[in-house]
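In this note's numbering, the protein residues as written are 1 to 457.
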């Protein structure tokens, strides 16, 4: 099987892109002359002296912007350096993958265990400001450079979710490279979560799979939720442990060429004999969608959860001698049966939502909420209190005496000062506890595990 090496855009984490075979197009002589004439006029007649390299960078960036493709971008030397550092090493930032969608900087998913996840960042959140800097009109890599920073420093973000602006202060940290996490449940079902597809992912996956098999794993749930994609060669290596030999994994369709089918070179490590189900959600994108599509269509493995992100194009990353880089779309990828998922996503075989409190709005820890007040934030807090076992008796946004009592009980249980006021540490503790409640009541995972157990009977 022939493999193309895809190169992802790693943005304060990982945002998938890629590369396939390509050809270079050239400007006709009249086009070159026009560009040269424009440069000559600026260099000789502009009011202030100009830097030629700046003009060239601007010309390239302008050409790419004219394509109106969020995945086609130009990166200067600094941006390109951050791009490659993120592919090949751990990095410092908040740990959230982002894309530019219709001119907006939108979160694809937070990285597992990252500061962004701890702060409650979710897929679909729009980052509109970093500090006082408005992100409107910026390319995604430009926004990411503002968000990334040294460990221990704070990223002050303004997030838009469901039409509501929330300010978050997130302390940056080192985002680790580990991309695969495995555990064996008491029912004998193994769960392997792949957070992204980096250079080490297939190796990590093989290691975890063999460990769980050695511990007696009887069935497998492959968790691709919140996985923004990455390198497709490593994704294909994971797929080849489950998809039969010769079966299609993905198709690449380039301009003027018939679709090229990538097929499985089956790697039997013992997983194919097990019943398997896979999990997807709105944070599953690009290479993760390639994996999910291949499992669903070429291995008959059911997908459980929610519709995926819908990133179905491939990008080529082309470095220049001065250290800058141009990333541009060169192909569309299709599922094994030839379907496109771009902007539409993959639909699960069995749709399962998480509990309602898994999608509650963000609440800023800077907001102060107390008795006799009414707001949407208070409504959210009441829902959170109920989710963690301290039911205030209402979820309509009015902070009554019963809500104060529930807050005090919660604060006492968390060893916080029982003020009855929700702000600061109380808000942050609630966010963390709700996240744990979601994990403890993971309806999507339980349904996938149920499917696996049924196949064991």
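Heads up, the beta-carbon is just placed ideally off N, CA and C, and yes, glycines get one too.
Handout entry: Reduced DSSP category for residue 217 - H, G, I as helix; E, B as strand; rest coil
Key = When secondary structure is reduced to three states using DSSP, residue 217 falls in the coil class, being assigned neither helix nor strand.
Handout entry: Buried or exposed (CB count within 10 angstroms, at least 16 for buried), residue 72
Key = Under the 10 Å beta carbon count, residue 72 is surrounded by 16 or more other beta carbons and is classified as buried.
Problem - Three-way DSSP call (helix, strand, coil) for residue 44 in this model - result: Here residue 44 sits in helix by DSSP.
Practice task
For residue 325, count neighbouring C-beta atoms within 10 Å of its own C-beta (all shown protein chains included) and say buried if the count is 16 or more, exposed if not.
Solution key: By the neighbour-count rule (16 or more Cβ atoms within 10 Å), residue 325 is buried.
Practice task
Would you decide whether residue 269 is buried or exposed? Buried here means 16 or more other CB atoms lie within 10 Å of its CB.
Solution key: Per the 10 Å Cβ criterion, exposed.
Exercise for the section: Please determine, among 353, 34, 455 and 389, the residue with the shortest C-alpha to C-alpha distance to residue 443. Expected result: Residue 353 is the option with its Cα nearest to residue 443.
Exercise for the section: Closer than 7 angstroms by C-beta to residue 213: which residues in its own chain qualify, once you throw out the five before and the five after it? Chain order, please. Expected result: Setting aside the 5 residues that flank it on each side, residue 213 is surrounded in the same chain by 270, each with a C-beta closer than 7 angstroms to its C-beta; the list follows chain order.
Handout entry: C-beta neighbour in chain C for residue 251, strict 9 angstroms
Key = Any reference to chain C falls outside this structure, which holds one protein chain only.
Problem - Cβ-Cβ distance between residue 225 and residue 280 below 9 angstroms - result: Yes; because the gap between Cβ atoms is below 9 angstroms, this pair is in contact.
Handout entry: Simplified DSSP state of residue 313, which is helix, strand or coil
Key = DSSP, reduced to helix, strand and coil, places residue 313 within a strand of the structure shown.
Handout entry: Rounded separation between residue 303 and residue 447 - CA only
Key = Looking at the two C-alpha atoms, the distance is approximately 10 angstroms.
Problem - Neighbour-count burial assignment, residue 227, 16 or more Cβ in a 10 Å radius - result: Residue 227 should be labelled buried.
Exercise for the section: Would you mind working out which of 38, 258 and 327 sits nearest residue 338, comparing C-alpha positions? Expected result: Minimum Cα distance to residue 338 is reached at 258.
Handout entry: Bridge partner(s) assigned by DSSP for residue 298
Key = Residue pairing by DSSP places residue 298 opposite no residue, since no beta bridge is assigned to it.
Exercise for the section: Go ahead and pull the three-state DSSP assignment for residue 263. Expected result: Here residue 263 carries a strand assignment [DSSP, helix/strand/coil].
Handout entry: Cβ-Cβ distance between residue 138 and residue 220 below 9 angstroms
Key = No; because the gap between Cβ atoms is not below 9 angstroms, this pair is not in contact.
Problem - Residue interval of the beta strand (DSSP E) (run including residue 99) - result: Secondary structure note for residue 99: its beta strand (DSSP E) is the uninterrupted segment 96 to 101.
Exercise for the section: Keeping to the same chain, check which residues put their C-beta closer than 6 angstroms to that of residue 437; ignore five residues upstream and five downstream. Expected result: Spatial neighbours of residue 437 in its own chain (CB-CB distance under 6 angstroms, excluding positions within 5 residues in sequence) are listed in chain order as 387 and 388.
Practice task
Check whether the Cβ of residue 352 lies closer than 8 angstroms to any heavy atom of the ligand COA, and answer yes or no.
Solution key: By its list of ligands, the structure shown contains no ligand whatsoever, and the ligand COA lies outside what it can speak to.
Problem - Cβ separation of residue 111 and residue 95, assumed to be a contact under 8 angstroms, to the nearest whole Å - result: A Cβ-Cβ distance of about 4 angstroms is found for the pair residue 111 and residue 95, placing them in contact under the 8 angstroms criterion.
Handout entry: For residue 58 and residue 141, the rounded distance between their alpha carbons
Key = Approximately 16 angstroms, taken between the alpha carbons.
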